[in-house]
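Those protein sequences? They're chains U and E, same order as listed. Position 250, counted from 1, in the first sequence is what our numbering calls 250; the numbers after and before it change by one each time, with no gaps. Position 24, counted from 1, in the second sequence is what our numbering calls 1024; the numbers after and before it change by one each time, with no gaps. Ideal Cβ placement from N, Cα and C applies to all residues, glycine included.
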Amino acid sequence: MPGRPSRLALEPSAAARWLAALVLIVTAIISLAPFFYVVSTSFKETRSLFTYPPHWFPDPIYFGNYLALFEKHPFGWWLANTLLVSSVVTVLKFFIDGMAAYALAKLDFRGKRLVVTALLVSVAIPLAALLIPLFLIVRSLGIIDTRIALILPPLANPLGVFMIRAFIAGVPDELIQSARMDGAGEFEILRRVVVPLIRPGLVVHATFIFSNQYTSFLWPLVAVRDTQKQVITVGISSLRAIFTVDWGLISAASLIAAIPLTVIFILFQRAFFQQSLAGALKE
Amino acid sequence: MSTADRFADAVCIEIVNISKSFGATEVLKSLSLTAFRGEFVALLGPSGCGKSTILRIIAGIETCDEGEIVIEGQVANYLRPSARNVAMVFQSYALYPHLTVRENIAFPLTTRQGRGLDRATISVRVSQAAELVDLSDKLEHLPSQLSGGQRQRVALARSIVRHPVAFLMDEPLSNLDALLRHEMRRSLIDLHRRVGRTTLYVTHDQFEAMTMADRIVVMDHGRIQQVGSPHEVFEQPANRFVAGFIGLPSMNMLEGRIESGRFVSRQGLRIPLAAGAFSADEGEPVALGLRPTDLSIGPVREGEAAIVGQASRIEYGGTDIFVDLTLSGSDGVRMRVATENAIRTGEKIEARIRLRALHLFAADGRSLRVPTGG
């Protein structure tokens, strides 16, 4: 038909698009407002927090909270400990979970079903129920109040095995059989064939482990008492005094603590979106 | 010249009394088979008959419950897949999607088992393999950038590059469209002639098997029904299954019995049988097999018989027409005749049959035809 091209029936009208934009802007403001307030608070002196009406913007900008974190508290240690523990756990779990998941997804061996069932059952047990036996085991190993005590127990969490197993199950068996016929060993198949194919899933998984470990609180609280060995979550909670709470200090600490996770998410966000689309379209 | 003569006594792959079950389902039942060096053997049968399982057992991807696999004189039952020195081409091509064509082809030479070759040798062998399958200009492409036929050729090159003693091909053309399949069939035959290695080729497409293979192994329900050249399995089917499975359209079957040296159908249709052609007893219940191509229209000559029926359905097939002929009672046959025969639906037709072309099967399905030799 001659004339201007007709608009697709499913294309939204201009009014609908404006409305959608408005809803998104309002939602964004609601979501970001508390974060903005934390940022603002971290640059204020504590006494100026309780003025009425409240000031959204700090005036003058005060850096004392940030300086106090590093001068009066071992904040640098907390940050370093957290990054160290989270990184080591992520790397080790990446190997352990990857190999276990490959075995459970693609290898046939006696007792496989039993292993899967045992792992599934262990996922269902809450950490609180395991806390005391875990503490006793770690203490008897003589590693309580060490960074190793923070690293070892999370390695036994099998949730990651199930996540990676689901990704590996999606790799066609014929690719693995073909690689076997081509003379590749099982570790070589995992490294050269499986891992490249599930890379987006693995990045999501690694980010998940890292952030989980970065924000873990209960076990680090129990396992470590030495303030220099503590992680950031426990450290920040210890900033609360018995009768007063220095909100400026806690806001500054929270803000710094959020930076590594934010950076990691920004770096790997492509993988997140790829993963969310994986399998949506037929090859 | 028989197949055994052509390939002398050089056995490449031998499987002896192989059995395999998956749970309660018995997939292969004490099955034995020999493939000679340089021979092209097609394993043909309907889906689920166990033909792919044989290939997978030979490849080492699957284990057998009983029996022995011998590859180039060595018992291979406990050898790793890579140590068997056979290459498999999968139906889905099984290309590594993250690797280029060059890396895919080179993969078997760079694995733990395949290492030991220097880069220059690998490069030469990859180039040779790619050239054999006409892919030299696609070496830096990813599989996703190739057409179905090209992907299949990459899979072939990857199997060639190892210089295996045999190729195992599991329905390698079934994912291609009809035209490409035709082209690839010819390419595969050419390739087989050039490479000269034993090929075991699984297919459910009888046309592929007939046109490509030196010998066809017809299978059903985990058992070999017949092994023979394409000519043998078509002209002298060993049993009713093979007779019905090979040939398009399928062989017509009329149920009846033997009376005074004739076949008499349940509906009373009488067809004389060539003297001494069948070893059937008087009164024995039998099935008469009649290929649609062995029925024709025209005056009956010496050694022929006539059947009269009504054309109940006519299908135009380009070079031929397919006519369903309703005979007396509920008997019916399908015939395939040249298009110059202007037949109309409902028309009464006298069809002639070559008596030498008839097949007769016992109640248990075995052929009653007396072997003619040669």
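Look at the Cβ atom of residue i, then the Cβ atom of residue j, and state whether they are nearer than 8 Å.
| i | j | result |
| --- | --- | --- |
| Gly-1038/E | Thr-1198/E | yes |
| Ser-1312/E | Asp-1320/E | no |
| Met-1335/E | Ala-1287/E | no |
| Gln-1225/E | Val-1242/E | yes |
| Met-1219/E | Cys-1012/E | no |
| Arg-1080/E | Gly-1067/E | no |
| Asn-1085/E | Val-1154/E | no |
| Ala-252/U | Ser-42/U | yes |
| Ile-209/U | Gly-160/U | yes |
| Leu-1269/E | Asp-1331/E | yes |
| Ala-101/U | Ile-164/U | yes |
| Phe-265/U | Thr-207/U | yes |
| Ile-1216/E | Ala-1042/E | yes |
| Val-138/U | Pro-153/U | yes |
| Arg-1271/E | Ala-1305/E | As written in the sequence, residue 1271/E is Ile, which differs from the Arg given in the question. Yes. |
| Arg-180/U | Ile-189/U | yes |
| Ala-1375/E | Leu-1135/E | Because residue 1375/E is not part of the residues shown, which for chain E are 1001 to 1374, the question remains open. |
| Thr-1053/E | Lys-1029/E | no |
| Val-85/U | Arg-147/U | yes |
| Ala-1238/E | Asp-1294/E | no |
| Ala-1275/E | Pro-1164/E | no |
Looking at the C-beta of residue i, does it have a partner C-beta in chain E at a distance below 8 Å?
| i | result |
| --- | --- |
| Met-99/U | no |
| Leu-277/U | Low local confidence applies: a pLDDT of 47 at Leu-277/U is under 50, so the model's placement there is unreliable, and no value is given. |
| Ala-184/U | yes |
| Arg-180/U | yes |
| Leu-190/U | no |
| Leu-175/U | yes |
| Leu-107/U | no |
| Val-34/U | Note that residue 34/U is Pro in the sequence shown, not Val. Taking Cβ atoms only, chain E never reaches closer than 8 Å to Pro-34/U, which makes this a no. |
| Pro-196/U | yes |
| Val-204/U | no |
According to DSSP, is residue i helix, strand or coil?
| i | result |
| --- | --- |
| Tyr-37/U | helix |
| Leu-1146/E | coil |
| Ile-125/U | coil |
| Gln-1074/E | strand |
| Arg-1162/E | coil |
| Leu-1033/E | strand |
| His-1204/E | coil |
| Ser-1127/E | helix |
| Arg-1112/E | coil |
| Phe-268/U | helix |
| Val-224/U | coil |
| Lys-229/U | helix |
| Asp-1134/E | coil |
| Lys-72/U | coil |
| His-1182/E | helix |
| Gly-64/U | helix |
| Pro-154/U | helix |
| Met-1/U | Annotation note: pLDDT 45 at Met-1/U (below 50); position unreliable, coordinate value reported separately. DSSP places Met-1/U in coil when its eight states are reduced to three. |
Give the DSSP bridge partners of residue i, in chain order.
| i | result |
| --- | --- |
| Thr-973/E | Summary: the structure shown does not reach residue 973/E, with chain E confined to residues 1001 through 1374, and so no result is reported for it. |
| His-55/U | Bridge partners of His-55/U: none, in fact. |
| Thr-1025/E | Phe-1022/E |
| Val-1016/E | Glu-1068/E |
| Gln-1226/E | Val-1218/E |
| Ile-1353/E | Leu-1295/E and Ala-1305/E |
| Ala-1362/E | Val-1286/E |
| Ala-28/U | Bridge partners of Ala-28/U: none, in fact. |
| Arg-1369/E | Phe-1278/E |
| Met-1088/E | Leu-1168/E |
| Val-1011/E | Phe-1036/E |
If you measure from the CB of residue i, is any heavy atom of the ligand GDP nearer than 7 Å?
| i | result |
| --- | --- |
| Trp-56/U | The model on display carries no ligand, and the ligand GDP is accordingly not part of it. |
Report yes or no: is there a C-beta of chain U within less than 8 Å of the C-beta of residue i?
| i | result |
| --- | --- |
| Phe-1090/E | yes |
| Tyr-1096/E | yes |
| Phe-1322/E | no |
| Ser-1082/E | yes |
| Pro-1285/E | no |
| Pro-1299/E | no |
| Ala-1059/E | yes |
| Pro-1172/E | no |
Going along chain B, which residues have a C-beta under 9 Å from residue i?
| i | result |
| --- | --- |
| Gln-1113/E | In the structure shown, chain B cannot be found, because the protein chains are U and E. |
Q: Go through the segment 1231-1285 of chain E residue by residue and report every complete run of the beta strand (DSSP E) that reaches 3 residues or more, in order.
A: 1252-1259, 1262-1265 and 1270-1272
Q | Segments assigned alpha helix (DSSP H), at least 4 residues, entirely inside the segment 1289-1351 of chain E | A | none
**Q.** Runs of alpha helix (DSSP H) lying entirely within the segment 156-187 of chain U, each at least 4 residues, in chain order
**A.** 159-169 and 173-181
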